[in-house]
Every structure is written in structure tokens, then in C-alpha cells.
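For the record, the sequence lines run as chains A and B. Counting with this note's numbering, you get residues 164 to 496 for the letters of the first sequence. Counting with this note's numbering, you get residues 2 to 344 for the letters of the second sequence. All C-beta atoms in this analysis are idealised placements derived from N, C-alpha and C, irrespective of residue type, glycine included. Fair warning: this is a prediction, and the values are worked out from it, not measured in the lab.
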Amino acid sequence: MKQSSGKSTKKMQEQTAGVYKRSKKDSLKRFIFGSKDKEGAGKQTVVYLLLISIGFVYLYPLLYMISKSFMSVDDLLDTSINWLPSALYTANYTNASKAMNFWNTFKDSIIVSGVPTLINMAVCAVVGYGFARYNFRGKKIMMGILLFSFVIPPQITMMPTYVLYSDIGILNSLKAFVIPALLGQGLKSQLYILVYYQFFKQVPQALIEAAKIDGAGHFKSFFRIALPSAAPAILVVFLFSFVWYWNEAYLTQLYVVGAFADSNAWNTLVVSLKTFEDSYNSAASVANSQMLNINESIKMAATMLSILPLLIMYLVLQRNFVESIDRTGITGE
Amino acid sequence: MKNKKNPQKKYKPGRLKAREDRMGYLFVAPWIVGAVIFVIYPLFQSFWFALNNIKLTPRGRMYTFVGIRNFTNIWAEDPDFVTNLQSYLTETILAIPIIVVFALIIAMLLNGNIKCRGFFRLIFFLPVIIASGPVMNQLTDQGAATIPAMDVTMIEQLLSQYLPGFLADPISSVFSNFVMLLWYSGIQILLFLAALQKIDGSLYEAAKIDGGSGWECFWKITLPTIKPMILLNAVYTVVFMSNNEQNDIINLIYTTMFSVDGGYGYASAMAWMYSLIELVLIGVVAFLLAGRKDVYERRAKRYRREMRHMARVEKKLERRRLRHEAKFRKEHEKDARANRGRV
């Protein structure tokens, strides 16, 4: 009995020693591939490498744009210069901004995308609150129409609305953006209504009922209770609406600028980028010898100019941009 | 007025709530008006446009009714629409899996234990901000949308050798504009990331205790949990790819609208055709991704169907019973009357 137990302990010791030895031998492998409860260093490096390389691919067009926009004609033709221009050449930017009439267009862009955005913020909040708080008849059908109107291509309603706008005389003016936004049918308004809807659903009903007992009416409980707690949703709607109005060239050109634009109409940066080649050539012919012929660098400089305001806004507000999406609960659908 | 006549009705339960809920119409009213004016009415009007030929004259629009000839002309006589449609369909069908899978991979990489997650998220979300139609056009014109280290021309040559033309062109355009596709997946990455962060960590712990590897965890836990998000992202990708300015058909409709031989009528017919095809595509995607249901869901559904069937049968029997009763009563009364008459 005693002997056997001694034998078994000896055996166990041997076994544990073996395990210990093996683990030492495998420690390198474990260091690289990781164990069940700890990630290995090798795996980590692979993840970082992947992220960095994909990140580079993402940034590549932007880097390309920046480097090209600072190149002079000589640099463009010189095959030995790939990325770094030989000197910081800013004439591209001055030429491009002259052709785009930068400051005027910039001001127009802010108004054209800012005013409908503010209206969107307000109107979509009201509509979203109505959908979230009340259970009226036909609500389901209305929500269905809401989703449907998000999915259908805008082209199908484009021509009748174009005709309608020209009939009531709001074409080629800011009203063509403002009036649909006032009626909750602005650019991607359906999405913002859904964002508000999701958000107001999360406002506890007890809070609103308590306010009702204290004598708050429907509008008071909306303005005093629901709206102040919806700050993240308001921010999301503001940022996205602004960005999307800013980037919308197609409808802006059709409704606000006009298909056959004259000189004193509205003009946004993105639309002027669309017609950049023509406007640059006409500007160059007026300015005669002072402006160079159009080349890639100038085009890239113009592109850069048109996205620069958004880029700055994004870098300043990036935390709000990305995190507010989580907070609105739009992802919880 | 009615309440005075019928005071009992005033205290019916849920009546106050129903009256209060009617306030919802007031809140939603602007949207209802907007939907009627800017969605429903234009939808019907554009169908009416599509059935007509419209000429713009100084005195106004001249309508000539042509029936469905606009629709048939699109398929029979317009070479642009059909070729553009073909490339649109192949490109979109190729783009959906690329974008969704890629977004999922990036989201999973970001979801791990990573330093500077905020920085990477900043980069991956950047394209959503700046990728507008004209900007993308400029970039693709410059060839800045290809992957830097990839030899695109070789791939194109290879593809055109081994594949028929209608397949080779879209695939090679996917390769040459690969960065563009990646740029379009910003929103999808965020949606996936948010979904991944909501998965309970204890699920993975439990699976690990039971000896599940990371691979198994992915297939058995991660994927089923984010399945609804995959559907959402796929549909979003279709909608985005179809309504975006890089799309040739969209530009075709725009140019047709103002061209001499096209006009509003023909362009409307095109838009209708295109929308129908897009809706069918969304339907197919939704069907493929949402088709199979959980075994418990299926069982519950079958149970519910059986219960409904039972209820229906019971109601039928009840109705039959009542009918028979009424019939017998009538006959009995007739008999009784006859008997009375005899007596």
C-alpha cells in the first residue's frame, strides 16, 4: 500500500516535470500564436500589420491627391519624382481657387448645405417623436412608406418633382431644397427620422407621464423632456445631413444651381468641381498668360479644395462623428 | 355631441389613450403632406410620364400617349441602357460580398484588443465624409483608386483571355477601382463594429471552457449573432451602389432627360425599369440572407399555425352549430304553427 502510493507520487512528479519541460519548449510557440486566454505576440503583429496596410490603402488616394496637388509641371513630367515634389508649389491652389471662385463658392456651399440641414434637424425630430411616442392608426403603413421612399432610387421621382418645382417656380433657388426639407422629404430625411425614432423610443415613457401629471402638454413634454435628452441624435443628424448635402452634386445641380447655370446663380464647391475643366478653361482664356493650361495637379488641387472644409470639420469633430453613431442606437435595429 | 347622447361610451377603456394618440397625427403631419406631394404623387405621375412622349414647347409640355412603347423601346432599340444595366448588375453583385466581407474583417480586427483603435476608426470612416461623386470621378480619372502595389493591367489581360467579355470587363473594373469599393464600406464597418461590441463576452468564455477554438467561436457565435446586421449591410450596399453618382445608368437617365430624342417620358420609363430591377435585386439579396430561420423559430411558427388552424376549425364548427340550430328552430316553429292550425 505504502509502496504503491510512493510509486504513484514519484510517477506524478515525473509527469509534472515532463509537462513543465514541454511547456518550456513550447513557450516560444505560445508566445507567437498565443494560448486560449492570451493573444500571442505574433498574432498581434499580424493584426497590426493588416490594419496598417489596409489603412494605407484607404489613405492612398488622399495622399496621392495631396502630393500631386503640390507638384509643378516640371515635377509632373519628371519620372524620378514619385511622391515628394521638389518644392512646395502652391500656384496650383491659387489657380484652382481663382477658377472656382473659391470664397464665393465656399460661402454658397455653406448656405446651400447649412440651411436645409438646420430644417432637417428640426422637422425630422418632430416627425420622429410623433412616430415613437404615439400609437395612431395607420402608423405601420406610414413607416412602410418611409422605408420604401428611402429605398427607391431618386431618379424615379426626379422628373415629376422637377416639373413640379418649375411649375410653382422654386427651381434654381434655395427653395427647391428648403421646401422638401420642411415637409420631411429632404435629402435622406427618412434616415434621420429613423435615427430620431430609435432615440425617442429609448426615452422612458414614465418620464413623459410624470411630466403629464405635472401638467405638461404634448408640445411641452416634447420640448422640455424629449428634445434635451436627444442631444447625441441631434448631433448625428446635423453632421450627416451637412456632409451629405455638401457632397450632393447631382440634385444640387439639377434643382438649385440649374442645369444651364448662369453666372450669378448658386454654386457649390462640389458642383463647381464637376464642371471644373470648363470653368478653368474659360477662366484661363480670360486671364490669358497668367494661368497655366489645365493639368492633373490643378485638378487635384481643386479636388482638395472642395473637400478641405469637410476634412477640417471631420478632424475637429471626429469623436462626435464616430461615437454618436453608437449612442443613437441606429445599429440596434 | 355624441358623448351627451351616449354617456356610457365616454368611459370605455383605452378611449383617453386613443384620443391622445391622435395627437401623433399632428406631429407627423408635415411628413404626411411631404410624402404625398414628393413621393406618392410623383410616383404615379412618373408612371404617367412613362406612358407618354413629352415634348417641351414654348407653350408648355405636349403629351402624346404612346402606351408601353417607351418600355419596349428601352429593351429593343436602346443599346446604352442594356449594356449599362448589364455592367451595373455584375458590378453590384460582385461588390456586395466584397464590401460585406471586407467590412466584417476590418470590424473584427478593430474589435480585438488593440491600441489606437480610435485612430484606425478615424481612417476607416474618413471616406464617408469626403467620397462625393465628383471627387470620386476625379480620383478614378487619375487612376488613384487602384491598389498601389497591384499590377492591374496584367490582371485585366488574364481576365480577358479566360472569361467572356461581359464578365471580364466588370471584374477588371472591380480590380482597377478596388480602393473605391473599400471606400464605400465605411458605414458598414461601423455597423458591424457596433454589433460586435454588443455581443456578450461571457459567451466566448463559455465556449472556450468547452474547448472551442477561435475559428469555431467565429462560426458558431459571432456569425449567427450579427446575421441581421449582414442583411442590413447587404441591402444598404445595394441601395448605395444603385443610387450613387458613379453609376452609369443614373447618369444615362440624367442625360436622357434633357436630350432631344429622349425627353421626360422616355427617361421616366428608364427610371421605372431601373427601380424595378433594383427592387428585385434587393428582394433577392434579402431572400438569400434571411431565408433560413432558426429551428426554434420554425417550431414556434408551426405551433402558431396549428393553433390558428384549430381556432378556425372551432369557429367553423360553432358557426355550423348555430346554423343548424336556427334551421331546426325554424322548422320546429313551422311545425308548431302547423300543429296549432290543425288544432
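Using 7 angstroms as the limit for Cβ to Cβ distance, is residue 323 of chain A near chain B?
-> For the purposes of this step, residue 323 of chain A is taken as the residue at position 160 of the first sequence. Yes, residue 323 of chain A lies at the interface with chain B (some Cβ there is under 7 angstroms from its Cβ).
When the Cα atoms are used, what is the spatial distance from residue 445 of chain A to residue 301 of chain A?
-> Locating residue 445 of chain A in the first sequence gives position 282, counting from the first residue. Locating residue 301 of chain A in the first sequence gives position 138, counting from the first residue. If you take the alpha carbons of residue 445 of chain A and residue 301 of chain A, they lie about 56 angstroms apart.
Segments assigned alpha helix (DSSP H), at least 4 residues, entirely inside the region 200 to 238 of chain B | DSSP runs (the alpha helix (DSSP H)) wholly in the region 200 to 238 of chain B: 202 to 210, 215 to 218.
Residue 481 of chain A versus chain B: which residues are under 7 angstroms apart at the beta carbon?
-> Reading the first sequence from its first residue, position 318 is the one you call residue 481 of chain A. Under the 7 angstroms cutoff, chain B gives 123.
Is residue 462 of chain A close to chain B, meaning its C-beta is less than 7 angstroms from at least one C-beta of that chain?
-> As a working mapping, residue 462 of chain A is identified with position 299 in the first sequence. Using beta-carbon distances, residue 462 of chain A counts as an interface residue toward chain B, with a partner under 7 angstroms.
CA-to-CA distance, residue 311 of chain A to residue 447 of chain A, given in whole angstroms | Here the question's residue 447 of chain A lines up with position 284 in the first sequence. Here the question's residue 311 of chain A lines up with position 148 in the first sequence. Rounded to whole angstroms, residue 447 of chain A to residue 311 of chain A spans 47 angstroms at the Cα level.
Straight-line gap, residue 484 of chain A to residue 334 of chain A (C-alpha atoms, nearest Å) = Here residue 484 of chain A corresponds to residue number 321 of the first sequence, with the count starting at 1. Here residue 334 of chain A corresponds to residue number 171 of the first sequence, with the count starting at 1. If you take the alpha carbons of residue 484 of chain A and residue 334 of chain A, they lie about 33 angstroms apart.
Establish whether the CB of residue 347 of chain A and some CB of chain B are separated by less than 7 angstroms.
-> Looking up residue 347 of chain A in the first sequence gives position 184. Closer than 7 angstroms to some Cβ of chain B, the Cβ of residue 347 of chain A qualifies, so yes.
Are the C-beta atoms of residue 36 of chain B and some chain A residue less than 7 angstroms apart?
-> Your numbering for residue 36 of chain B matches position 35 in the second sequence. At least one chain A Cβ lies under 7 angstroms of residue 36 of chain B.
Return the chain-ordered list of same chain residues with a C-beta closer than 7 angstroms to the C-beta of residue 129 of chain B, the five sequence neighbours on each side being excluded.
-> Along the second sequence, one-based indexing puts residue 129 of chain B at 128. Short of 7 angstroms from the beta carbon of residue 129 of chain B, and not among the five residues preceding or following it, lie these beta carbons of its own chain, in chain order: 187, 188.
Take the Cβ of residue 117 of chain B as the centre, count every other Cβ of all protein chains shown within 10 Å, and call the residue buried at 16 or more, exposed below.
-> The count along the second sequence starts at 1 and reaches residue 117 of chain B at position 116. Exposed: under 16 other Cβ atoms inside 10 Å.
Alpha-carbon to alpha-carbon, residue 265 of chain B and residue 259 of chain B | Position 258 of the second sequence, counted from the start, is the residue given in the question as residue 259 of chain B. Position 264 of the second sequence, counted from the start, is the residue given in the question as residue 265 of chain B. Going by the C-alpha atoms only, they are around 8 angstroms apart.
Tell me which same chain residues have a C-beta within less than 7 angstroms of the C-beta of residue 440 of chain A, skipping the five on either side of it?
-> By 1-based counting over the first sequence, the position of residue 440 of chain A is 277. Within its own chain, the residues whose Cβ lies closer than 7 angstroms to the Cβ of residue 440 of chain A, once the five positions on either side in sequence are excluded, are 457, listed in chain order.
Short CB-CB distance (under 7 angstroms) between residue 43 of chain B and chain A = Position 42 of the second sequence, counted from the first residue, corresponds to residue 43 of chain B. At least one chain A Cβ lies under 7 angstroms of residue 43 of chain B.
Provide the residue span of the alpha helix (DSSP H) that contains residue 233 of chain A, from first to last.
-> To locate residue 233 of chain A, count along the first sequence from 1; it is residue 70. In the DSSP assignment, residue 233 of chain A falls outside any alpha helix (DSSP H), carrying neither H nor E.
Output, in chain order, the set of chain A residues within a Cβ distance shorter than 7 angstroms of residue 110 of chain B.
-> As a first step, residue 110 of chain B is located in the second sequence; it is residue number 109 there, counting from the start. What residue 110 of chain B touches in chain A: 210, 213, 214.
If you count every other CB in all the chains shown that lies within 10 Å of the CB of residue 494 of chain A, and 16 or more means buried, which is it?
-> In the first sequence, counting from the first residue as 1, residue 494 of chain A sits at position 331. Here the model assigns residue 494 of chain A a pLDDT of 48, short of 50, so the residue's position is not dependable, and the following value carries that caveat. A residue is called buried once 16 or more other Cβ atoms fall within 10 Å of its Cβ, and residue 494 of chain A is buried on that count.
What are the boundary residues of the beta strand (DSSP E) that includes residue 55 of chain B?
-> Taking the first residue of the second sequence as position 1, residue 55 of chain B is located at position 54. For residue 55 of chain B, the uninterrupted beta strand (DSSP E) segment begins and ends at 53 to 58.
Member of B:193, B:291, B:341, B:271 whose CA lies at the smallest distance from the CA of residue 70 of chain B | For the purposes of this step, residue 70 of chain B is identified with residue 69 of the second sequence, where counting begins at 1. The shortest Cα separation from residue 70 of chain B among B:193, B:291, B:341, B:271 belongs to B:271.
Nearest-angstrom Cα distance between residue 5 of chain B and residue 299 of chain A?
-> Indexing the second sequence from 1 puts residue 5 of chain B at position 4. Indexing the first sequence from 1 puts residue 299 of chain A at position 136. Only weak support exists for where residue 5 of chain B lies, its pLDDT of 48 falling under 50; the coordinates are left without a value.
Candidates B:115, B:31, B:134, B:36: closest to residue 408 of chain A by CA position = To locate residue 408 of chain A, count along the first sequence from 1; it is residue 245. Nearest Cα to residue 408 of chain A within the set B:115, B:31, B:134, B:36: B:134.
Please say whether residue 476 of chain A and residue 228 of chain A have beta carbons closer to each other than 7 angstroms?
-> Looking up residue 228 of chain A in the first sequence gives position 65. Looking up residue 476 of chain A in the first sequence gives position 313. Result no, Cβ atoms of residue 228 of chain A and residue 476 of chain A do not sit closer than 7 angstroms.
Looking only at C-alpha atoms, which of A:411, A:403, A:304, A:443 sits nearest to residue 480 of chain A?
-> As a first step, residue 480 of chain A is located in the first sequence; it is residue number 317 there, counting from the start. It is A:403.
The alpha helix (DSSP H) spanning residue 62 of chain B covers which residue range?
-> The residue you call residue 62 of chain B lines up with position 61 of the second sequence. Bounds of any alpha helix (DSSP H) do not take in residue 62 of chain B; it lies within the beta strand (DSSP E) bounded by 61 to 66.
What are the boundary residues of the alpha helix (DSSP H) that includes residue 120 of chain B?
-> For the purposes of this step, residue 120 of chain B is taken as residue 119 along the second sequence, with counting starting at 1. Looking at the DSSP string, the run of the alpha helix (DSSP H) that includes residue 120 of chain B is 118 to 131.
Where do the N-terminal and C-terminal ends of the alpha helix (DSSP H) with residue 98 of chain B fall, by residue?
-> In the second sequence, residue 98 of chain B corresponds to position 97, counting from 1. Its alpha helix (DSSP H) spans residues 80 to 112.
Do you know offhand how far residue 268 of chain A's Cα is from residue 429 of chain A's?
-> As a first step, residue 268 of chain A is located in the first sequence; it is residue number 105 there, counting from the start. As a first step, residue 429 of chain A is located in the first sequence; it is residue number 266 there, counting from the start. Straight-line Cα distance between these residues: approximately 8 angstroms.
What three-state label does DSSP hand residue 482 of chain A in the structure shown?
-> Taking the first sequence and counting its residues from 1, the one referred to as residue 482 of chain A is at position 319. In the structure shown, the three-state DSSP call for residue 482 of chain A is helix.
Closer than 7 angstroms by C-beta to residue 167 of chain A: which residues in its own chain qualify, once you throw out the five before and the five after it? Chain order, please.
-> Translated into positions along the first sequence, residue 167 of chain A becomes position 4. Note on residue 167 of chain A: pLDDT 49, under 50, position unreliable in the model; no value is reported.
Is the region 162 to 177 of chain B touching the region 229 to 238 of chain B, taking contact as three or more C-beta pairs under 8 angstroms?
-> No: fewer than three Cβ pairs fall under 8 angstroms.
Count the other CB atoms, across all protein chains shown, that sit within 10 Å of the CB of residue 346 of chain A; report buried if there are 16 or more and exposed otherwise.
-> Within the first sequence, numbered from 1, the residue matching residue 346 of chain A stands at position 183. Residue burial is scored here from C-beta neighbours: residue 346 of chain A has at least 16 other C-beta atoms within 10 angstroms and is therefore classed as buried.
Specify the secondary structure class of residue 351 of chain A as computed by DSSP and reduced to three states.
-> Working through the first sequence from its first residue, we reach residue 351 of chain A at position 188. Residue state, collapsed to three classes: coil.
Would you kindly work out how many angstroms separate the C-alpha atoms of residue 277 of chain A and residue 289 of chain A, rounded to a whole number?
-> Here residue 277 of chain A corresponds to residue number 114 of the first sequence, with the count starting at 1. Here residue 289 of chain A corresponds to residue number 126 of the first sequence, with the count starting at 1. Looking at the two C-alpha atoms, the distance is approximately 19 angstroms.
Partner residues on chain B for residue 298 of chain A, Cβ-Cβ distance less than 7 angstroms | By one-based count along the first sequence, residue 298 of chain A stands at place 135. Ordered by position in chain B, the residues that pass the 7 angstroms Cβ test against residue 298 of chain A are 22.
Count the CB pairs spanning the region 271 to 283 of chain B and the region 205 to 216 of chain B that are closer than 8 angstroms, and state whether there are at least three.
-> Touching, no, given that fewer than three Cβ pairs across the two stretches are closer than 8 angstroms.
Measuring CB to CB, does residue 282 of chain B end up less than 7 angstroms from residue 239 of chain B?
-> Locating residue 282 of chain B in the second sequence gives position 281, counting from the first residue. Locating residue 239 of chain B in the second sequence gives position 238, counting from the first residue. Taking 7 angstroms as the Cβ cut-off, residue 282 of chain B and residue 239 of chain B qualify as a contacting pair.
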